[in-house]
Amino acid sequence: DLDIDKVLRTCARYGVAVEINAHPWRLDLDWRWHQKALDYGCIFSINPDAHSIRELDHMHWGVEMARKGGVPRTRVLNAMGLAALLAHLSKRKCDSKSGGKRRSSASKAAA
515 DLDIDKVLRT
525 CARYGVAVEI
535 NAHPWRLDLD
545 WRWHQKALDY
555 GCIFSINPDA
565 HSIRELDHMH
575 WGVEMARKGG
585 VPRTRVLNAM
595 GLAALLAHLS
605 KRKCDSKSGG
615 KRRSSASKAA
625 A
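Each residue of the sequence shown is one higher than the one before, counting from 515 in our numbering.
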């Protein structure tokens, strides 16, 4: 079985976005996990899983699932303003220089 809790903790640790798959037959990550992901500090990306142009319209299902799960737009990569997105990407780039691991507050203070 997939340990969703561990996946979410790991995504939060490394700043990896959790996908909300907006295809109406998928709709995962299940909205009931969204609060746990938020508590861990996860960010999200809503994606239509489109395999044709008309399937781009599925995006609204993902937005509705994010809303149902209480995900604020400030925690969704493709809903962030440009400044917030660039700040997140810049932080990820800096973290990747240290082997992809986020430094703890203690190790940052020691540096």
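Cβ coordinates follow ideal geometry from the N, Cα and C atoms, glycine included.
In this chain, V521 is not harboured by any beta strand (DSSP E); it is covered by the alpha helix (DSSP H) spanning 518-528.
Comparing alpha carbon positions, the residue from P538, F558, W539 closest to W547 is F558. Bridge partners of E533 according to DSSP: S559.
Relative to A551, the option among V532, T588, M579, S566 whose CA is nearest is V532. For M594, no alpha helix (DSSP H) run applies, since DSSP gives it neither H nor E.
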